[in-house]
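2 protein chains.
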Amino acid sequence: MAQVVADRRDVDFVIHEQLKVESLSKYEGFADFNKKTIDMVVSEARNLALKELFPLLKEGDEEGCKFENGVVNVPKSFHKAYKLFREGGWIAMSDDPKWGGQGMPATVALAANNYFNGSNYPFMLHNILAHGAGKLVEKFGTDKQKNLFLKKMYSGEWGGSMLLTEPEAGSDVGALTTKAVDNGDGTYSITGNKIFISSGETDLVPNIIHPVLARIEGAPAGTGGISLFLVPKIWVNDDGSLGERNDIVCTGIEEKMGIHGSPTCSIALGSKGVCRGTLLGQANKGMSAMFVMMNEARLHVGMQGFACASASYLNALNYARDRVQGRSLTETDKNATGVPIIRHPDIRRILLTMKSTSEAMRSILFYTGFMEDMVKLSKTPEDKARYQGLIDVLIPVAKGYVTDRAFEMCSLGVQVFGGYGFTKEYPQEQLLRDCKITQIYEGTNGIQAMDLLGRKLGLNKGQAFTNLLDEVQKTIDSAKELPTLKNLADRLELNVSKLKEVGQSLLEKMRAGEVLKAFANAHPFLDVTGDTIMAWMLLWRAVIATEQLKNKPQSKDTAFYEGQLKSAQFYINSVLPVSIGKMNVIMLCDTAVIDIEEDSFGPR
Amino acid sequence: MAQVVADRRDVDFVIHEQLKVESLSKYEGFADFNKKTIDMVVSEARNLALKELFPLLKEGDEEGCKFENGVVNVPKSFHKAYKLFREGGWIAMSDDPKWGGQGMPATVALAANNYFNGSNYPFMLHNILAHGAGKLVEKFGTDKQKNLFLKKMYSGEWGGSMLLTEPEAGSDVGALTTKAVDNGDGTYSITGNKIFISSGETDLVPNIIHPVLARIEGAPAGTGGISLFLVPKIWVNDDGSLGERNDIVCTGIEEKMGIHGSPTCSIALGSKGVCRGTLLGQANKGMSAMFVMMNEARLHVGMQGFACASASYLNALNYARDRVQGRSLTETDKNATGVPIIRHPDIRRILLTMKSTSEAMRSILFYTGFMEDMVKLSKTPEDKARYQGLIDVLIPVAKGYVTDRAFEMCSLGVQVFGGYGFTKEYPQEQLLRDCKITQIYEGTNGIQAMDLLGRKLGLNKGQAFTNLLDEVQKTIDSAKELPTLKNLADRLELNVSKLKEVGQSLLEKMRAGEVLKAFANAHPFLDVTGDTIMAWMLLWRAVIATEQLKNKPQSKDTAFYEGQLKSAQFYINSVLPVSIGKMNVIMLCDTAVIDIEEDSFGPR
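For the record, the sequence lines run as chains A and B.
So for the first sequence, numbering that gives the first Met the number 0 puts the first residue at 0; every next one is plus one.
So for the second sequence, numbering that gives the first Met the number 0 puts the first residue at 0; every next one is plus one.
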């Protein structure tokens, strides 16, 4: 069967040849993860994904989730898949074995997730939410909380969710009004309404542990007065047995454009006045707890978008190889028969755009995971800070830039199929619909852009951003030594130096109090930073491919490595010059966006 | 009520201030169309659109079309709207009154269509197809065919469709296999299977007249052997009475991503061997007949995409004015309350992108319609050829470029709504879904790009393209005389001169036989041509606005005209520099797209 989820050769290339993940096995915690084990993990993930999750993708979309009398039924077929998934221990892949985790490197977990998300990411949301909620318990819970909840969450016996958003508090979390009152017995009474809660209710699991953001009575307004609580759907007694049903109920689910297999719930807490929860972490420190979780959550969303784009590419590639339509443009015989559309230059341009973009995304995401492993393994605070800084700068790219491009790739993936792409007969239109939300949730991409410009560009006095560009420079330097890559290296170097200039000019604007001018360029700045990082990853790949080709590998590998060279060549020569244009726009800093009067946008 | 379909002030601006459509009333055929009449037509269209069509948009999407036993039921509520629509005489707005048309200038009909398509374009497809089929009868029919069919089609009493595509003949129409055999009695027996037929079957009308492309037995292969036939669903006797049910049946409808109100039918002709049709036009000239219709059909698709984008913009604008979220970035008081999100620079950037893009699209589309009127009114063959040349060059932009950008705008329109944009509670996600097909049907945008590069750039030895750029230059020249627009004019002039260079280099490649290299740049060339034309339209608008502002208009108009200046400023300073980058890419002409081996795209 043609590959339809992820190109295994490319997954292997990134983990083994680009990141050399097995090098992690020299560290104590990862001693078990030699190449053989890593390959086995990826193969098992791939098998489970292709055999059990992928076949449910369309079914999940069509059947969707049903809400009735407070109960949410997920697509029926999800139950068996969920059982297999959790029995395989896939929910807590890179977590502490003490709590039931598999202790894998984050990079290896991402490779497995590439297959899971690429097969059926709406299904995967159930697991990701359970894991994220568990992680909060692991990081901020008391021993009692951990003992009561954690193993059951990491094993998937119980589910989890994340209750942040309220109708009037979306991007502005600090505006939330959910209230917590200290009962004096170690519990709080919580009252409020939350919306857009993925997996907020589901019939997949007998209990759901909800982390909830709320404000303790009397706490300050804004983000500084927000606390985090743990609110079980069914109360868990101190001995671990299940108690009464808590006063937290699902009041409805959203009708959405996509991800129909994942219920998006409205949740009422304390509508009968008896919703109980316990404080998770310190009072008024709920937002900082969220920030700790945010990088992981955003990286996962990047993975979702990327997985859609990558699957869309492989589908488009398979289709273009089989679909015969139109003579070759170089064919002079008017009676010649048609050729597969992969021969047509416009289709090739689309395919190479999708290929190079998917590959660069995979490298960015896996690299970010690899940096997480390096943070974990760092021996010195300096090392740790350095790796963490790289992650912090990369996250808005890995979430915002990647999902912006992923949506575009899914749209191109529809185009390759022509009219068929618009029908439900093929997966392309679902991938496009499912992908769209990745640009929105876990902080809209506008928020990601503001994060990059407002927090990350100036992080550690700009050192984090500079450190990242230093890593890019290392690749440029090694590419320059290879005659066939010299021109590409030069072009990327030009981009990097211009990007520094652009970053500098934006920092200066912010320092000069020209905040609006700077932030009107936040999204364009995310764009050009992303373009540069993507090109870096592709040049890095090309350096490796060039070296490997010297060894005259077997023909399959030769085709693969030559494909790497073509991806880098295409991207650097066809995307970076446009990126230079975008940087010129930022430098020009037109102020129409700021100056236009609200009435001039149009009539009320 | 806030405007949700089209900004009337902007519609009026284009027809009256930019194109001065009432000037057409000095010509005999359009003598009735003074300003007052034009305004009345637009107002009536607007009323019908807002009162009758717009309320059915969501219903049409949710209810969709149902197929059972060969019958297609459209959404129930469409019946009343269709009755009102056809009673208003809106199907054949700009057609010959002799056949029941209203004889309007095409430009005025487009203004009316702006409202119709913006309210509910899936509904409109029924009318557009009936009209297009009728137009074929008008242009190519014998007197008998016209007398039998035309008035009933233009009045909407009967419907119409267009049967081109077959499973193995989509973009490559010449590959079709539907067969016609001469019965010797003035009719042909037709056998074949067609797919993707909009309005191929519907319960809206008692009869449907199907133009069908088929190959007469023994005719040459390829496009040169294709003939056009008229196949009524129910046979029409010579006296106009209805005869027996013809052997043309709907075998199913597509499940699609969007436009659920419009059935996309599979049609079997002659499965019982008794499908009868009559030849429409000359034998083997079916493709040229199609080409005559193509401009109009493609302009309509551009209108559909644009209408989605324009509606999405107005929704986003209304939402951004009302939705309070987050403090102003310039607010120093941490306890300050939130502001409407229209105050946030990233949202303003999105809104001004959508505004300027929608406005430029409206001008391009209406201008193309205006050129159609000029062709009709031309006194000399030279004038006619000149106007026709402008249309021919503009069509791939008006269809391909416009719908590419329209889809992006609809995506931005979702972003402004955040999580709400992904839900079916708001229209944004439907507009995005409905818009997608406009990039595909009536020739995918890849085909549009090939049309611009392969046929239109070199049309009349390049004169048509040059003539268009000469029109752009006129606007540049007048803008240069206005000090406040001089810089913008200079920047556009730079783009135009670079575009000429790019066009020249591509023509040279084609002449040198480097066809693949040239066509690998077809879509980028469509992009940069479109960017330039869009900027032209906005600069033209800014010239008018500058003049009008000198007259110190009332405050509403002042806000509008200042909005025009801001659109031009934003677009020219923020989009054109990127376009220069895209042109650099074309000049660089990287060959990775051509050179990459098929195996290097990825595993089979």
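Cβ atoms here follow ideal geometry from the backbone N, Cα and C, with glycine treated the same way.
- Look at B/Met289: its C-beta is not under 8 angstroms from any C-beta on chain A.
- A/Ser477 is positioned such that its CB atom lies no closer than 8 angstroms to that of B/Lys565.
- Of the residues B/Ser265, B/Lys151, B/Glu156 and B/Val574, the one whose Cα lies closest to the Cα of A/Gly418 is B/Ser265.
- Three or more beta-carbon pairs separated by less than 8 angstroms link the stretch 423 to 437 of chain B to the stretch 248 to 268 of chain B, which places the two stretches in contact.
- Residue contact check for B/Val13 against chain A: no CB pair falls below 8 angstroms.
- With a cutoff of 8 angstroms on beta-carbon distance, A/Gly601 and B/Asp6 are scored as near each other.
- Scanning chain A for C-beta atoms nearer than 7 angstroms to the C-beta of B/Arg275 yields nothing, as the closest lies near 28 angstroms away.
- Bounds of the beta strand (DSSP E) holding A/Trp234 are Ile233 to Val235.
- Interface with chain B (8 angstroms Cβ-Cβ cutoff): A/Arg297 is excluded.
- Taking the C-beta atoms as reference points, B/Gln438 is found no nearer than 8 angstroms to A/Gln472.
- Ranked by Cα distance from B/Tyr366, the first of B/Arg385, B/Lys354, B/Ile390 and B/Lys460 is B/Ile390.
- When B/Lys232, B/Ser261 and B/Leu175 are compared, the shortest CA-CA separation from B/Glu62 is found for B/Ser261.
- Annotation for A/Lys479: Lys485 and Ala488 place their beta carbon closer than 7 angstroms to its own, counting only its chain and skipping 5 residues before and after.
- Going by DSSP, B/Tyr560 is part of the alpha helix (DSSP H) stretching over Ser554 to Ser573.
- The beta carbon of A/Leu350 sits closer than 8 angstroms to some beta carbon of chain B.
- Residues of chain A whose Cβ lies closer than 8 angstroms to the Cβ of B/Gln2 are, in chain order, Gly601 and Pro602.
- Among the residues of chain B, those whose CB is under 7 angstroms from the CB of A/Val592 are Pro344, Arg347, Arg348, Leu351 and Phe569, following chain order.
- Nearest C-alpha to B/Leu279 among B/Val501, B/Glu137, B/Trp535 and B/Thr190: B/Glu137.
- DSSP places A/Pro205 in the coil class of the three-state scheme, outside both helix and strand.
- Non-local beta-carbon contacts of A/Ser198 in its own chain, meaning distances under 8 angstroms to residues more than five positions away in sequence, involve Leu124, His125, Leu128, Ala129, Gly158, Gly159, Ser160, Ile207, Ser261, Pro262 and Cys264 in chain order.
- Of all residues in the stretch 161 to 186 of chain A, those with a C-beta nearer than 9 angstroms to a C-beta of chain B are Thr164, Glu167, Ala168, Gly169, Ser170, Asp171, Gly173 and Ala174, reading in chain order.
- Counting every other CB atom within 10 Å of its CB across the protein chains shown gives B/Val323 a total below 16, marking it as exposed.
- Judged by beta-carbon spacing, A/Ala80 lies beyond the 8 angstroms limit of A/Phe12, meaning their Cβ atoms are not closer than that value.
- About 7 angstroms separates the CB atoms of B/Pro166 and B/Asn192; that is less than 8 angstroms, so the two are in contact.
- In this structure, the CA atom of A/Thr141 is about 10 angstroms from the CA atom of A/Thr277.
- When beta bridges are read from the DSSP output, A/Ser226 appears opposite A/Ala213.
- Secondary structure at A/Arg7: helix, using DSSP grouped into helix, strand and coil.
- For the pair A/Thr177 and A/Asn459, the Cα-to-Cα distance works out to about 34 angstroms.
- With a threshold of 16 other beta carbon atoms within 10 Å, B/Lys455 meets it and is buried.
- Neighbours of A/Gln438 across chain B, judged by C-beta separation under 7 angstroms: Gln414.
- B/Asp181 is bridged by DSSP to B/Tyr187.
- A/Pro576 has a beta carbon lying within less than 8 angstroms of a beta carbon in chain B.
- The straight-line gap separating the alpha-carbon atoms of A/Val73 and A/Leu451 is approximately 36 angstroms.
- Counting only Cβ-Cβ distances below 9 angstroms, B/Ile341 has contacts in chain A at Glu597 and Phe600, in chain order.
- Proximity of the stretch 573 to 582 of chain A to the stretch 489 to 507 of chain A meets the contact definition, three or more beta-carbon pairs being nearer than 8 angstroms.
- Taken through DSSP and simplified to helix, strand or coil, A/Ile579 comes out as helix.
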